[in-house]
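Position in the first sequence (from 1) plus 1013 gives the number in the numbering used here. No residue lacks a Cβ here, since even glycine has one placed at the ideal position from N, Cα and C. Below is one structure, written out as structure tokens; comments come after it.
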Amino acid sequence: MTEQNMAQTTIDKLKSQIGSQVTLRGWVYKLRSIGKIWFLVLRDGTGLLQCVVVKAEVPEDVFAMESRLTQESSVIVTGTVREEKRAVGGVELGVSGIEVVHVAEEYPIAPKEHGTAFLMDHRHLWLRSRLQHAILKVRHQVIKASRDFFDSNGFTLVDSPIFTANAVEGTTNLFKVDYFDQNAYLTQSGQLYQEAGALAFGKSYCFGPTFRAEKSKTRRHLTEFWMIEPEMAYCDLDEDMSWAERYVEYIVQWCLEHCKTELATLERDTSKLEKVKRPFPRITYAEAAEILARKGSDFKPGSDFGGTDETLISEEFDRPVMIHRWPADIKAFYMKRDPANNDLALGVDMLAPEGHGEIVGGGQREDDYDILLKRIRDNDLPVKPFEWYLDLRKYGSVPHSGFGLGIERTVGWICGTKHIRETIPFPRTIYRIEP
RNA sequence: UCCGGAGUAGCUCAAUGGUAGAGCGGGUGGCUGUUAACCACUAGGUUGGGGGUUCAAGUCCCUCCUCCGGAGCCA
């Protein structure tokens, strides 16, 4: 290894390298010139660094590079790290040399305000900007925390397929694909397969993309989104809710500890997240309906909650709230009924605070063969594609439960972003499939 | 699918029916500590498409397209 390679570093490590001669590889984030000094703000994926080029301190050709360089040009910069209160991040680089790797063409995203449509058209470049970078860093940590949580609690990763022959919830619109000469769909949930996983491994989970062909046009919807779905054998609704609150608490506390810089960049009020500690309130659907009645919503009892209703309910609590025991009519066929009231399903939804909507949906599954078969028929679903699913009730059926957590809505809540489309690298919405 | 909103310079937006403009970005020049630097100069337009009314349309009417927000549905 040459001396040059040994000095190779990244911006996030510079605080411990003050006084050292280092080399950084990155891109020009911003340029400012005041004559015989110019400033280059370097971006390397780990942070931003102000680099100072002084005419009297560098060779003439290095100083002359200011006129050649453009925003987002790729450069390798060498210099001495020093403390500097005036610079962003508290350190700066006194430049001794610059190697130009590529001079970028005029960059479309100027350091000024842009509209969302324009930025989304340039999503592949927008990812480089501070806020988008921070949001996706949080997304990464949410996913890491999720895997850590389930991996260290005895769950086995059992990936569900993306192509499926059956519609989990029957009623919702699925993306149909030509699967050779047969119809297939893109999955809208990996849950059914996790039930097989839980009966094989005790506790299993999957994490992958799911697809909904609904023509939703709201800040809470994507046609392609990522869901993490755990499923537990020998688990009833109460235990299911305990898993959900442990998991959500874990993710939020993990991000508070590991995403301090990003949450500060996003100007997130973290005091709201610090309150996300167990136990979370658990209320019934009927109690939630009472809250809405008291607050004057025009909500119709027996129906599902709309976005506004969810916000009204979540405003009552300072942490996520779990709503359980729903009218069976509005829930999926596979949900087990409440032994105390056959009209109610043992389902649970978790609403995030601050109006970020439903982040978790789940419940206890019907484990009786005859009842499940009847439900499939009552819902006018074809029995054939569900035969394997029914088998799970023929060979060692047990009470089991699970849930799914929407990654994008969770990231949106933790980051405090208004639009869910900023929480996924390349969002897919009804009118956007590019870039 | 329904309701509402918007399409004008690369971007963000102005412009009573009467000569299409500004800021930012780009280019040129100036400045030894800038923070969205500043100052001067400069280039940049089929006003989303089509049709109509009018002496005259970015502006009024019809139609189509695109996008945005919300509803429904959902995570």
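key: First through last residue of the beta strand (DSSP E) which encompasses Thr1091   = In the first sequence, the residue the question calls residue 1091 occupies position 78. Where Thr1091 is concerned, the enclosing beta strand (DSSP E) stretches over 1087-1096.
message = Please report the straight-line C-alpha distance between Gly1167 and Ile1326, rounded to a whole angstrom.
response = Numbered from 1 along the first sequence, position 154 holds the residue referred to as residue 1167. Numbered from 1 along the first sequence, position 313 holds the residue referred to as residue 1326. Answer to the nearest angstrom: the Cα atoms are 34 Å apart.
task = Taking Ile1384 as the reference, give the member of Leu1394, Arg1406, Asp1025 with the closest Cα.
result = Sequence index remark: in the first sequence, residue 1384 carries index 371 (1-based). The option with the nearest alpha carbon to Ile1384 is Arg1406.
key: Cβ-based neighbour list, Leu1386, same chain, cut-off 8 Å, excluding 5 preceding and 5 following   = In the first sequence, counting from the first residue as 1, residue 1386 sits at position 373. Hits under 8 Å: Val1396, Leu1403.
task = Determine the contact status of Glu1242 and Pro1222, defining contact as a CB-CB distance below 7 Å.
result = For the purposes of this step, residue 1242 is taken as the residue at position 229 of the first sequence. For the purposes of this step, residue 1222 is taken as the residue at position 209 of the first sequence. Not in contact: Glu1242 and Pro1222 (Cβ atoms no closer than 7 Å).
task = Starting from the Cα of Ser1316, find the closest Cα among Asp1172, Gly1058, Leu1082, Ala1299 and give me that residue.
result = To locate residue 1316, count along the first sequence from 1; it is residue 303. That would be Ala1299, whose Cα lies nearest to the Cα of Ser1316.
task = Tell me, please, which residues DSSP counts as bridged to Ala1246.
result = Here residue 1246 corresponds to residue number 233 of the first sequence, with the count starting at 1. Paired residues: His1413.
key: Every unbroken beta strand (DSSP E) inside the stretch 1128-1182 [3 residues or more]   = none
ask   = Applying the criterion that 16 or more other CB atoms from any shown protein chain within 10 Å of the CB defines a buried residue, is His1337 buried or exposed?
value = Mapped onto the first sequence, residue 1337 falls at position 324. Under this definition His1337 is a buried residue.
inquiry  = With distance defined between alpha-carbon atoms, name the residue in Cys1064, Ala1209, Lys1028 nearest to Arg1378.
reply    = The count along the first sequence starts at 1 and reaches residue 1378 at position 365. Of the candidates Cys1064, Ala1209, Lys1028, the one whose C-alpha sits nearest the C-alpha of Arg1378 is Ala1209.
Gly1419 vs Ile1372 beta-carbon contact at 7 Å = As a working note, residue 1419 is residue 406 in the first sequence. As a working note, residue 1372 is residue 359 in the first sequence. Result yes, Cβ atoms of Gly1419 and Ile1372 sit closer than 7 Å.
request  = Give the straight-line distance between the Cα atoms of His1127 and Ser1165, rounded to the nearest whole angstrom.
outcome  = Mapped onto the first sequence, residue 1127 falls at position 114. Mapped onto the first sequence, residue 1165 falls at position 152. So the alpha carbons of these two residues sit roughly 43 Å apart.
Same chain, Cβ closer than 8 Å to Phe1176, neighbours up to 5 away in sequence not counted = Translated into the one-based positions of the first sequence, residue 1176 becomes position 163. Within the same chain, Phe1176 has close Cβ partners Val1190, Tyr1192, Ala1197, Tyr1198, Leu1199, Thr1200.
task = If I'm right that Asp1322 touches Ala1341 with Cβ under 8 Å, what's the distance once you round it to whole angstroms?
result = Taking the first sequence and counting its residues from 1, one reaches residue 1322 at position 309. Taking the first sequence and counting its residues from 1, one reaches residue 1341 at position 328. Rounded, the Cβ-Cβ distance is 19 Å, inconsistent with contact.
key: Closest by C-alpha distance to Glu1435, when choosing among Ala1246, Lys1150, Pro1412, Arg1307   = The sequence position of residue 1435 within the first sequence is 422, counting from 1. If we check each option's Cα against that of Glu1435, Lys1150 comes out closest.
request  = Could you check what DSSP says for Lys1028 in three-state terms: helix, strand or coil?
outcome  = By 1-based counting over the first sequence, the position of residue 1028 is 15. Of the three classes helix, strand and coil, the one that applies to Lys1028 here is helix, per DSSP.
query = Using a Cβ-Cβ cut-off of 8 Å (strictly less than) and excluding sequence neighbours within five positions of Asp1282, which residues of its own chain qualify?
reply = As a working mapping, residue 1282 is identified with position 269 in the first sequence. Within the same chain, Asp1282 has close Cβ partners Gly1429.
key: Runs of beta strand (DSSP E) wholly within the stretch 1362-1444 (minimum 3 residues, chain order)   = 1370-1377, 1413-1419
message = Using CA atoms only, rank isn't needed, just tell me which of Glu1096, Gly1039, Val1067 is closest to Gly1032.
response = Translated into positions along the first sequence, residue 1032 becomes position 19. Of the candidates Glu1096, Gly1039, Val1067, the one whose C-alpha sits nearest the C-alpha of Gly1032 is Glu1096.
ask   = Using 8 Å as the threshold, is the stretch 1218-1233 in touch with the stretch 1118-1126, meaning 3 or more CB pairs across them?
value = no
inquiry  = Using the Cβ count rule (16 or more neighbours within 10 Å means buried), how would you classify Val1101?
reply    = As a working mapping, residue 1101 is identified with position 88 in the first sequence. Exposed, since its Cβ has fewer than 16 Cβ neighbours within 10 Å.
request  = Give, in chain order, every unbroken run of the alpha helix (DSSP H) that is at least 4 residues long and sits entirely within the stretch 1299-1348.
outcome  = 1320-1327
ask   = With a Cβ-Cβ cutoff of 7 Å, do Tyr1218 and Ser1173 count as a contact?
value = Taking the first sequence and counting its residues from 1, one reaches residue 1218 at position 205. Taking the first sequence and counting its residues from 1, one reaches residue 1173 at position 160. Their beta carbons are not under 7 Å apart, which means Tyr1218 does not touch Ser1173 by this criterion.
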